[in-house]
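Colleague: Here it is, the structure in full.
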Amino acid sequence: MHTIADLKKGEGGKIIGFLKKERQNTLLELGFIPGALVNVTLIAPLGDPICIEIEGYTISIRKEDAHNILIEPL
Amino acid sequence: MAHNQRVKIALVGNPNSGKTSLFNHLTGLHQKVGNFPGITTEKKTGICTLSDKHTAIIIDLPGTYSMYPNTIDEEIVTEILLSPHSQDYPDKLVVVIDASNIKRNFFLLSQMYDLNFPIIVALNMLDEADEKGILVETAKLESYLQVPVVCINARLGKGLEEMKKKLIALPPKKEQYFWETRTLWEGALERIKSEYPNTFLSHYHILQLIHHPSLLQKQSNEIQTSLQQVIKKYTINTEELRETETLERYKKIEQLLNRVVKKEESKSSIRSSKSFWLDKILTHTIWGYLIFFIVLFLIFQSLFAWSEPLMNLIDNGFSYVNGYLEKTLPNSDITRLFTEGIIPGITGIVIFIPQIMFLFGFIVLLEETGYMARVVFLMDKIMKQFGMSGRSIVPLISGVACAIPAIMSTRNIESTKERIITIIVTPLMSCSARLPVYTVLIGLAVPHQTLFGFFNMRGIVLMGMYLLGFVFALLSGLLMKIVLKTREKGVFIMEFPHYRIPFFKNVLYTIFEKVKTFILEAGKIILAVSIILWILASYSPDDLGKIETEIREKNPHLSEEVLQTKIAAYTLEHSYAGYLGKTIEPLIKPIGYDWKIGIALITSFAAREVFVGTISTIYHVGNVEQEYSTIQKRLANEVNHVSGEKVFTRATCFSLLVFYAFAMQCMSTLAIVYKETNGWKWPLIQLLYMTLLAYISAFITFQIFS
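Protein sequence lines, in the order shown, are assigned to chains A and B. First residue of the first sequence? That's 1 in this note's numbering, and the numbers climb one at a time after it. First residue of the second sequence? That's 1001 in this note's numbering, and the numbers climb one at a time after it.
Structure follows, in structure tokens:
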């Protein structure tokens, strides 16, 4: 089971779902929709936060939320 | 829905979409900044001239990603847009869109659109969109949405004339929706809307009430019952409903964007952009932190170097005015109220202005260039350990200059808990007002020696004091993180805004706004307390005239100058402040202080630097400004009349140092914390915590060294 938190810098994946349903809605609204392509562009020096490219723009989220987003690695 | 003469227009949009720049251009200096009731979020309203005949009130609502709030700021937007009886309920909306992030920005637009306000779509950041190869066909978009679409450059203020014209002529919105809810639940929403025609602009408004029970409760009982029946009948699960809504909206948005947006594939990769390379350096494990510390260093050097001459100028200017008034006005109580109470009080306010100006100038520059977001990215994990956010690093470091502007700058911290913790611990950073106190005390307690030949002992102790403040700020953050329970549901989200050259006008607007706020709000309190302290220190239950005569009679051989200082010292000792000092003496004896130091503690509650002036007065040093060696000589020789021992022993000095490091000896800070947290709860908690910390630390220090 892969999540965004498992991706290394430069790696990408396709979103397939969420681990914890309670925390999913905000991420959905930001565009983290099943089927969307993501790519990790930068990781902060201590591993947290993670900067993600999605649907043509970038956004950073904390690792705990990245752990919640299931992906299919590309 | 407007009840006042002027039309109310709200600006909505994602954070970083350029709303604030737009607001600044539309309202100029006619802005008012306040707080939304009950919360710390800032409310900005202003007046805008749309044309010769039309003016409007513009409300800059906090940036938000969705009607489903992730932070307290975002809750405000939802609440206002769903409360027709609120004084901030707008007549018209302008939705600012960052065209370079168009898909996500359209999510909020789709929700705003469905609320059915008369609405204008303002496409901003088209240059950045172009760089990414995104081209919006505005005519097509306008024809589809059936609402005006204008192209603006909010930063430079372009396209605003057209926007203003369209705002004046804006008709009610047609019934067209991104997410069709009229047929949901067998038309239940449509039914309710037609039953209460003047209450709801749209079905989406009604549906939103299902998601926000606290707002539903403000509706009439009939409406509440109707909705509750619908919820029950169709067993509505709000989380699932929200998920459905989101997926539906994005489907529609995707279809729309495919029709009206052209993408040039060659430009679209993030990695090919110049800004990506800049990001890599600025967030690099080694270079990132190094560059940040260099930037901080430069800021502080400039801050101290530039502020000091200005502060001296202000100080001297007011002294001059004061001196002039003393000479020309009759020697009465009223005169002295001015020259010893009010004018010094005003000086105490105005003297912070240079620091506030420069500090905010730098912060705004860092934010406008986009660099700040990269710093937050670097510092977030570290600061989180101590209950704070990556954004807290700026207020903390700024606190070394002065806590007042530092605390004002915490408004951009998203999490309430992290912001409150930052506000509470920032004053523990050793601010510049502590420097005079440290200098005198270190001079008394630490010998003028070197360690290993070139490390100056006094310099080391001074650095130690700064380190002490920093360490305890972090530890206090940790403590509060464990102890405080605030409702936290937010997902931490951060965007890297585009790098850009800051627009000078925005920087100036922000500085002007901060200075104005500071003077008006904190200023009132500082002035009041200055006057009170003056009264306490100048008036006495004893007959001062008689005492003065006695002193003169007993000391006919002393010069006038020495007599004056003796009288001044005696007056202070027998003033109300003096009696207070004697009253608290039993409390402060365990930490090494006598009642004379007690008076200084009381008077320096106004501001820490006052400690030096008060001590000088009490110890007959005369009109001393910066002559520390004189003070030190006298204080070093000061002996307790009762015990015969020295007053300023090393133990007492160290105890005082530690006390001043931690104690809340700054009413200006309390005033600003009151303003920023919209109440007395937090300033009082802060005062209590810092006082306890100071007392206990001073006690331990005194016991160790004596």
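Think of the CB as a built atom: it goes at the ideal place given N, C-alpha and C, for glycine as much as any other residue.
1) Which value, in whole angstroms, describes the spacing of the CA atoms of B:L1428 and B:T1691?
2) Among the residues of its own chain, which have a CB less than 8 Å from the CB of B:Y1089, if the five just before and after it don't count?
3) Checking 8 Å against the spacing of the C-beta atoms, do B:H1205 and B:L1061 come in under that value?
4) Assuming B:L1126 and B:V1149 form a contact by the criterion Cβ under 8 Å, report the distance between their Cβ atoms to the nearest whole angstrom.
5) At a CB-CB cut-off below 7 Å, which residues of chain B make contact with A:G12?
6) Compare the C-alpha of B:T1064 against each of B:L1290, B:E1074, B:M1494 and name the closest.
7) Along the chain, where does the beta strand (DSSP E) that runs through A:V52 open and close?
8) Could you check where the alpha helix (DSSP H) with B:K1019 kicks off and where it finishes?
9) Using a Cβ-Cβ cut-off of 8 Å, state whether A:E55 counts as contacting chain B.
10) Where do the N-terminal and C-terminal ends of the alpha helix (DSSP H) with B:I1351 fall, by residue?
11) Would DSSP call B:Q949 helix, strand or coil?
12) I'd like to check one pair, B:A1663 with B:G1592: are the Cβ atoms closer than 8 Å?
13) Please return the same chain residues whose Cβ sits closer than 6 Å to the Cβ of B:N1623, not counting the five positions on each side in sequence.
14) Which bits of chain B does A:L7 rub up against, with CB to CB less than 8 Å?
15) For the region 1378-1465 of chain B, list the beta strand (DSSP E) runs that are entirely contained and at least 3 residues long, ordered along the chain.
16) What residues of chain A sit near B:T1283, judged by a beta carbon separation below 7 Å?
17) Three Cβ pairs or more, each shorter than 8 Å: is that satisfied between the region 1454-1471 of chain B and the region 1489-1498 of chain B?
18) Residues of chain A with CB closer than 9 Å to the CB of B:L1247, please, in chain order.
19) How many Å lie between B:I1119 and B:V1096 at the Cα?
20) How would you write the range of the alpha helix (DSSP H) that B:F1342 sits in, first residue to last?
21) Count the other CB atoms within 10 Å of the CB of B:W1179; is the residue buried (16 or more) or exposed (fewer)?
22) Where B:R1707 and B:P1197 are concerned, what is the direct C-alpha to C-alpha distance, given to the nearest angstrom?
23) Tell me, please, whether the region 1040-1059 of chain B touches the region 1018-1027 of chain B by the rule of three or more beta-carbon pairs shorter than 8 Å.
24) Mapping the DSSP letters down to three states, classify A:L7 as helix, strand or coil.
25) Are the Cβ atoms of A:I50 and A:T58 separated by less than 8 Å?
26) Among all the DSSP beta bridges, which residues are the ones paired with B:L1656?
27) Run the CB neighbour count on B:T1244, radius 10 Å, all protein chains shown included, and call it buried at 16 or more, exposed below.
28) Using 8 Å as the limit for Cβ to Cβ distance, is B:I1382 near chain A?
29) Can you tell me which of B:I1413, B:V1562, B:Y1177 puts its alpha carbon nearest to the alpha carbon of B:L1765?
30) Buried or exposed: B:K1675, going by 16 or more other Cβ atoms within 10 Å of its Cβ?
31) Could you check what DSSP says for B:S1668 in three-state terms: helix, strand or coil?
32) Please confirm if B:Y1539 has its CB atom under 8 Å from at least one CB of chain A.
33) Determine the extent of the alpha helix (DSSP H) in which B:N1105 is found, giving its start and end residues.
34) Is the CB-CB distance between B:T1422 and B:S1392 below 8 Å?
35) Could you say which of B:L1478, B:S1273, B:G1443, B:E1513 lies nearest to B:I1710 if we only look at CA atoms?
36) By Cβ distance below 7 Å, which residues in the same chain neighbour B:L1207 in space, the five residues on each side in sequence not counted?
Modeller: Taking the definition as stated:
1) For the purposes of this step, residue 1428 of chain B is identified with residue 428 of the second sequence, where counting begins at 1. For the purposes of this step, residue 1691 of chain B is identified with residue 691 of the second sequence, where counting begins at 1. For B:L1428 and B:T1691, the distance between alpha carbons rounds to 11 Å.
2) Residue mapping note: residue 1089 of chain B aligns to position 89 of the second sequence, counting from 1. Hits under 8 Å: M1001, K1008, I1080, L1081, S1083.
3) By 1-based counting over the second sequence, the position of residue 1205 of chain B is 205. By 1-based counting over the second sequence, the position of residue 1061 of chain B is 61. Going by C-beta atoms, B:H1205 is not nearer than 8 Å to B:L1061.
4) Within the second sequence, residue 1126 of chain B is the residue found at index 126, counting from 1. Within the second sequence, residue 1149 of chain B is the residue found at index 149, counting from 1. Incorrect: roughly 12 Å between the Cβ atoms, too far for contact.
5) Reading the first sequence from its first residue, position 12 is the one you call residue 12 of chain A. Within 7 Å of the CB of A:G12, no CB atom of chain B is found; the nearest one sits about 11 Å away.
6) One-based indexing of the second sequence puts residue 1064 of chain B at position 64. B:T1064 has its Cα closest to that of B:E1074, out of B:L1290, B:E1074, B:M1494.
7) Counting from one through the first sequence, the residue named residue 52 of chain A turns up at place 52. Strictly speaking, residue 52 of chain A in this sequence is Ile, with Val absent from that position. 50-54 is the extent of the beta strand (DSSP E) around A:I52.
8) Taking the second sequence and counting its residues from 1, one reaches residue 1019 of chain B at position 19. 1019-1027 is the span of the alpha helix (DSSP H), which, as asked, contains B:K1019.
9) Residue mapping note: residue 55 of chain A aligns to position 55 of the first sequence, counting from 1. At a cut-off of 8 Å between beta-carbon atoms, A:E55 makes contact with chain B.
10) Reading the second sequence from its first residue, position 351 is the one you call residue 1351 of chain B. B:I1351 -> no alpha helix (DSSP H), and no H or E assigned at all.
11) What the structure shows of chain B is the stretch from 1001 to 1706, and residue 949 of chain B is not part of that stretch, so it cannot be assessed.
12) Position 592 of the second sequence holds residue 1592 of chain B. Position 663 of the second sequence holds residue 1663 of chain B. Cβ distance not < 8 Å, so B:G1592 and B:A1663 don't count as in contact.
13) Residue 1623 of chain B sits at position 623 when you count from the first residue of the second sequence. Residue confidence is low: B:N1623 scores 49 on pLDDT, short of 50, so the model does not pin down where it sits. No coordinate-derived value is stated.
14) As a position in the first sequence, residue 7 of chain A is number 7, starting the count at 1. Within chain B, no residue comes near A:L7; the closest Cβ sits about 15 Å away, beyond 8 Å.
15) none
16) Within the second sequence, residue 1283 of chain B is the residue found at index 283, counting from 1. Residues of chain A passing the Cβ test: L42, A44.
17) no
18) Walking along the second sequence from the start, residue 1247 of chain B turns up at place 247. By Cβ distance, chain A contributes L28, I33, P34.
19) Walking along the second sequence from the start, residue 1119 of chain B turns up at place 119. Walking along the second sequence from the start, residue 1096 of chain B turns up at place 96. Each residue's Cα considered, the two are about 11 Å apart.
20) Walking along the second sequence from the start, residue 1342 of chain B turns up at place 342. Note that residue 1342 of chain B is Ile in the sequence shown, not Phe. For B:I1342, no alpha helix (DSSP H) segment is defined, and its DSSP state is neither H nor E.
21) Residue 1179 of chain B sits at position 179 when you count from the first residue of the second sequence. So B:W1179 counts as buried.
22) Because chain B spans 1001 through 1706 in this model, residue 1707 of chain B falls outside it and cannot be assessed.
23) yes
24) As a working mapping, residue 7 of chain A is identified with position 7 in the first sequence. Coil at A:L7, not helix or strand.
25) If you number the first sequence from 1, residue 50 of chain A lands on position 50. If you number the first sequence from 1, residue 58 of chain A lands on position 58. No, the Cβ-Cβ distance between A:I50 and A:T58 is not below 8 Å.
26) If you number the second sequence from 1, residue 1656 of chain B lands on position 656. DSSP lists no partner for B:L1656.
27) Start at 1 with the first residue of the second sequence, and residue 1244 of chain B comes out as number 244. B:T1244 is exposed by the Cβ-count criterion.
28) Within the second sequence, residue 1382 of chain B is the residue found at index 382, counting from 1. Yes - at least one Cβ of chain A is within 8 Å of the one on B:I1382.
29) Here chain B has residues from 1001 to 1706 only, and residue 1765 of chain B is not among them.
30) Taking the first residue of the second sequence as position 1, residue 1675 of chain B is located at position 675. B:K1675 should be labelled buried.
31) Taking the second sequence and counting its residues from 1, the one referred to as residue 1668 of chain B is at position 668. Correct three-state label for B:S1668: helix.
32) For the purposes of this step, residue 1539 of chain B is taken as the residue at position 539 of the second sequence. No, no contact with chain A.
33) Along the second sequence, read from residue 1 onward, the residue named residue 1105 of chain B stands at position 105. First-last of the alpha helix (DSSP H) with B:N1105: 1102-1114.
34) In the second sequence, the residue the question calls residue 1422 of chain B occupies position 422. In the second sequence, the residue the question calls residue 1392 of chain B occupies position 392. Going by C-beta atoms, B:T1422 is nearer than 8 Å to B:S1392.
35) In the structure as shown, chain B starts at 1001 and stops at 1706, and residue 1710 of chain B therefore has no counterpart that could be examined.
36) The count along the second sequence starts at 1 and reaches residue 1207 of chain B at position 207. Around B:L1207: T1181, L1189.
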